[in-house]
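Colleague:
Residue numbers (the working numbering): 700 to 1336.
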């Protein structure tokens, strides 16, 4: 009798399921390693529980495939009708699978420019080797138990699931301690302060594992109902094996469709509520501003009643000329802020026409600096950044923003294409207007984007690089926390931190690095990409599921723990939670960590936009921005 059938008859788990138990237990210690941001016990529970559940499912599935393939192969060679006839044969297959998987993995070393298919093949080989190694553990236990009296307690205890789990956990703990020792020997920071409390994390992870059983139970119940209905209408013949199999497939497919439809409906409700929340303006911003220098005011082409929450917040926080002069110690002008909301017009063409009408109405092109902003998915533009260039330019500036979505950025990823086309259309119209003016009356045009705003603004120049920026008359750019999905920014990933390319691209991890640039390199810099080492948003991508990222494969950045190592799907889940926590700034704080760039902005804006000031003025701007940030927290949280 095959080992799997024998295990099922005895009430024990099959070899593949026992391998899954080993893998799930070994995953737990690895999931507790800190990555980019501190985690709460609930965050850690989600990572630990989900990674353990996926580790079990993936290992059991891959191990089943390996045993089934070996079975069919040996049967075809006339070597028997079942390779998994005994535990020893299963152990032999595991050893061979481990060697083959490890060999393929070593034969396909990681390369920076490798195609996705190569990465998938290498990771697949690694998964096979891991599954076979996990399967070899219960196989070795069975071999040891076979040497003992099967009726005695030691032999029975060795064959239990807890025994496999304990061995798997011991392997995981040993592997992680080995990584810790290597990191300490290399003098790397382990960032232990980011660890979540272990005991509550275990409890949360266990609850999540129990919760994972619920969808399976729902699917099983729905499939049974579907099978009964199919048999009732005569689509199956009782007792005929092919028909029973076909009915089971149809039943499971029907249940899956019902669950998928339910999840889609739930997602639609979540999206709709998010749009309603962001589309509802603050009660204290019901009346339009009186200043003629902002959109939505009397005489503006943009109607205040059609602007949602974030555009209104952006337009009412303009610092008047008197306060700018007070901070800078020099005369100042009233800055211009223009914003065309998503609901201001129905089409891209109409929104671009409104933007150009606003530029004409305020004579914005007569200012020395024009900043083109692409907001985040909610329509948010960093208030502190905007205040920085208004102060440093002494108010002699105009800011133009066009909204493309009204959702939180993770829900607005499907609007990137629309944002790209809208930005291209708007900025092409602006470039034509600037190019039509005499050279001595042209403003310097700069580009600003943060997070998804950085992605959507860079996408407008996809495949054209800095030449596209030059054709659009854009002289400078500052991008904060660009998401990993931005294809335009990948060229900057090849640059060392602080290196300035020939066409003016520079990558920084903090504003403090600006002063370390060589003067000639600093003078050449035009397009600045600023991303903190511990900001997960520029590092998170689906590629974490299939390949080791460069920030873990190469020399460690200061923000990356020395003992962290890539493992799928653990690293993906850890980084996903770090994305959620990237904006967890201390209320009232003023930080330069994670996805919070407020403390970088004064120096970054001065450098990126070429706005001169003395060190005393820069210090005054930083104090003013700190006050601005505290006021915003008190006002809107």
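All C-beta atoms in this analysis are idealised placements derived from N, C-alpha and C, irrespective of residue type, glycine included. This one's a predicted model, so the numbers in the text were calculated from it and none came from an experiment.
Straight-line CA distance for residue 732 to residue 1043?
Modeller: If you number the chain shown from 1, residue 732 lands on position 33. If you number the chain shown from 1, residue 1043 lands on position 344. About 48 angstroms.
Colleague: Please state whether the Cβ-Cβ distance between residue 1020 and residue 1029 is less than 7 angstroms.
Modeller: As a first step, residue 1020 is located in the chain shown; it is residue number 321 there, counting from the start. As a first step, residue 1029 is located in the chain shown; it is residue number 330 there, counting from the start. Contact: no.
Colleague: Residues in the same chain with beta-carbon distance under 8 angstroms from residue 807, minus the five sequence neighbours each way, listed in chain order, please.
Modeller: The sequence position of residue 807 within the chain shown is 108, counting from 1. So the list reads 817, 820, 821, 824, once near-sequence residues are dropped.
Colleague: For the beta strand (DSSP E) containing residue 1039, name the first residue and the last one.
Modeller: Walking along the chain shown from the start, residue 1039 turns up at place 340. First-last of the beta strand (DSSP E) with residue 1039: 1035–1039.
Colleague: Could you check where the beta strand (DSSP E) with residue 1148 kicks off and where it finishes?
Modeller: Stepping through the chain shown from its first residue, residue 1148 is reached at position 449. Here the beta strand (DSSP E) through residue 1148 covers 1143–1149.
Colleague: Which one of 1237, 1306, 1297 has the shortest CA to CA distance from residue 1274?
Modeller: Counting from 1 along the chain shown, the entry for residue 1274 is found at position 575. Closest option to residue 1274, Cα to Cα, is 1237.
Colleague: Identify every run of the beta strand (DSSP E) within the region 1190–1272, keeping only runs that are complete inside it and at least 3 residues long; order them along the chain.
Modeller: For the region 1190–1272, whole beta strand (DSSP E) runs of length 3 or above, ordered along the chain, are 1204–1207, 1226–1229.
Colleague: Does the distance from the C-beta atom of residue 1062 to that of residue 1300 stay below 7 angstroms?
Modeller: Working through the chain shown from its first residue, we reach residue 1062 at position 363. Working through the chain shown from its first residue, we reach residue 1300 at position 601. Going by C-beta atoms, residue 1062 is not nearer than 7 angstroms to residue 1300.
Colleague: In terms of alpha-carbon separation, which member of 812, 814, 762 lies closest to residue 795?
Modeller: Indexing the chain shown from 1 puts residue 795 at position 96. Nearest of 812, 814, 762 to residue 795, Cα basis: 762.
Colleague: Starting from the C-beta of residue 940, find all residues in its chain whose C-beta is less than 8 angstroms away, skip the five residues before and the five after it, and write them out in chain order.
Modeller: Translated into positions along the chain shown, residue 940 becomes position 241. Since pLDDT at residue 940 reaches only 42, below the 50 mark, its modelled position is unreliable, and the value read off the structure follows with that caveat. Counting only Cβ-Cβ distances below 8 angstroms, and skipping sequence neighbours, we find nothing.
Colleague: My guess is that residue 728 and residue 875 are in contact by the Cβ rule of under 8 angstroms, so how many angstroms apart are they, rounded?
Modeller: Your numbering for residue 728 matches position 29 in the chain shown. Your numbering for residue 875 matches position 176 in the chain shown. So it is a contact: roughly 5 angstroms between Cβ atoms.
Colleague: If you draw a straight line from the C-alpha of residue 826 to the C-alpha of residue 809, how long is it?
Modeller: Working through the chain shown from its first residue, we reach residue 826 at position 127. Working through the chain shown from its first residue, we reach residue 809 at position 110. Whole-angstrom Cα-Cα distance: 15 angstroms.
Colleague: Please state if the CB of residue 748 and the CB of residue 790 are separated by a distance shorter than 7 angstroms.
Modeller: Your numbering for residue 790 matches position 91 in the chain shown. Your numbering for residue 748 matches position 49 in the chain shown. Result no, Cβ atoms of residue 790 and residue 748 do not sit closer than 7 angstroms.
Colleague: From which residue to which residue does the alpha helix (DSSP H) around residue 735 run?
Modeller: Residue mapping note: residue 735 aligns to position 36 of the chain shown, counting from 1. Where residue 735 is concerned, there is no enclosing alpha helix (DSSP H), given that its DSSP letter is neither H nor E.
Colleague: Just verifying my parser: in three-state terms, what is the DSSP assignment at residue 1176?
Modeller: Counting from one through the chain shown, the residue named residue 1176 turns up at place 477. DSSP places residue 1176 in strand when its eight states are reduced to three.
Colleague: Check the C-beta distance from residue 758 over to residue 863 and give it rounded, since I have them as a contact under 8 angstroms.
Modeller: As a working mapping, residue 758 is identified with position 59 in the chain shown. As a working mapping, residue 863 is identified with position 164 in the chain shown. Not confirmed; about 12 angstroms, so no contact.
Colleague: DSSP three-state label for residue 1133, please.
Modeller: As a working note, residue 1133 is residue 434 in the chain shown. Helix.
Colleague: Could you give the DSSP three-state label for residue 831: helix, strand or coil?
Modeller: Translated into the one-based positions of the chain shown, residue 831 becomes position 132. Reduced to three states, the DSSP call for residue 831 is helix.
Colleague: Report the rounded CA-to-CA distance for residue 719 versus residue 1004, giving the unit in angstroms.
Modeller: As a working note, residue 719 is residue 20 in the chain shown. As a working note, residue 1004 is residue 305 in the chain shown. If you take the alpha carbons of residue 719 and residue 1004, they lie about 58 angstroms apart.
Colleague: Which same chain residues, not among the five before or five after residue 1226, have their C-beta less than 6 angstroms away from its C-beta?
Modeller: For the purposes of this step, residue 1226 is identified with residue 527 of the chain shown, where counting begins at 1. Counting only Cβ-Cβ distances below 6 angstroms, and skipping sequence neighbours, we find 1176, 1203, 1204.
Colleague: What is the rounded straight-line gap between the Cα of residue 1000 and the Cα of residue 1100?
Modeller: Residue mapping note: residue 1000 aligns to position 301 of the chain shown, counting from 1. Residue mapping note: residue 1100 aligns to position 401 of the chain shown, counting from 1. When rounded, the distance between both Cα atoms is 14 angstroms.
Colleague: DSSP on residue 989, reduced to helix/strand/coil?
Modeller: Translated into positions along the chain shown, residue 989 becomes position 290. DSSP places residue 989 in coil when its eight states are reduced to three.
Colleague: Between which two residues does the beta strand (DSSP E) containing residue 1073 stretch?
Modeller: By 1-based counting over the chain shown, the position of residue 1073 is 374. Unbroken beta strand (DSSP E) run through residue 1073: 1068–1073.
Colleague: Can you tell which of 1244, 1281, 1266 has the C-alpha that lies nearest to the C-alpha of residue 1258?
Modeller: To locate residue 1258, count along the chain shown from 1; it is residue 559. Nearest C-alpha to residue 1258: 1281.
Colleague: Since residue 1144 and residue 742 are thought to touch, with beta carbons under 8 angstroms apart, how far apart are those beta carbons, to the nearest angstrom?
Modeller: Position 445 of the chain shown, counted from the first residue, corresponds to residue 1144. Position 43 of the chain shown, counted from the first residue, corresponds to residue 742. That belief does not hold up - the Cβ atoms of residue 1144 and residue 742 are roughly 42 angstroms apart, past 8 angstroms.
Colleague: Starting from residue 1324, trace the alpha helix (DSSP H) in both directions and tell me its first and last residue.
Modeller: The sequence position of residue 1324 within the chain shown is 625, counting from 1. 1314–1335 is the span of the alpha helix (DSSP H), which, as asked, contains residue 1324.
Colleague: In this structure, does DSSP put residue 1100 in helix, strand or coil?
Modeller: In the chain shown, counting from the first residue as 1, residue 1100 sits at position 401. If DSSP states are grouped into helix, strand and coil, residue 1100 belongs with the strands.
Colleague: Touch check for the region 1157–1177 and the region 1306–1316: three-plus C-beta pairs under 8 angstroms?
Modeller: Yes: at least three Cβ pairs fall under 8 angstroms.
Colleague: Check whether the region 1005–1019 touches the region 1084–1095, counting contact only when three or more Cβ pairs, one atom from each stretch, lie closer than 8 angstroms.
Modeller: Yes: the two stretches touch, three or more of their Cβ pairs being nearer than 8 angstroms.
Colleague: Can you grab the Cα-Cα spacing for the pair residue 833 / residue 721, in whole Å?
Modeller: The residue you call residue 833 lines up with position 134 of the chain shown. The residue you call residue 721 lines up with position 22 of the chain shown. Rounded to the nearest angstrom, the two C-alpha atoms are 6 angstroms apart.
Colleague: Using three-state DSSP, classify residue 1277 as helix, strand or coil.
Modeller: Indexing the chain shown from 1 puts residue 1277 at position 578. Looking at residue 1277 - three-state DSSP - the assignment turns out to be helix.
Colleague: Quick one: what's got a C-beta closer than 7 angstroms to residue 1230's C-beta in the same chain, skipping five residues either side?
Modeller: Position 531 of the chain shown, counting from 1, holds the residue named residue 1230. Within the same chain, residue 1230 has close Cβ partners 1180, 1181, 1208, 1237.
Colleague: Cβ atoms of residue 1142 and residue 1066: under 7 angstroms apart, would you say?
Modeller: The count along the chain shown starts at 1 and reaches residue 1066 at position 367. The count along the chain shown starts at 1 and reaches residue 1142 at position 443. Cβ atoms of residue 1066 and residue 1142: closer than 7 angstroms.
Colleague: On the CB-based measure, 16 or more other CB atoms within 10 Å of its CB, does residue 852 come out buried or exposed?
Modeller: Taking the chain shown and counting its residues from 1, the one referred to as residue 852 is at position 153. Bear in mind that a pLDDT of 48 at residue 852, under 50, signals an unreliable position, so the model cannot answer this.
Colleague: Where does residue 1298 sit, in a helix, a strand or coil, going by DSSP?
Modeller: Taking the first residue of the chain shown as position 1, residue 1298 is located at position 599. The answer is helix: DSSP assigns residue 1298 an H, G or I state.
Colleague: Given this structure, state the Cα-to-Cα distance separating residue 1036 from residue 1093, to the nearest angstrom.
Modeller: As a first step, residue 1036 must be located in the chain shown, where it is residue number 337. As a first step, residue 1093 must be located in the chain shown, where it is residue number 394. One C-alpha to the other measures close to 14 angstroms.
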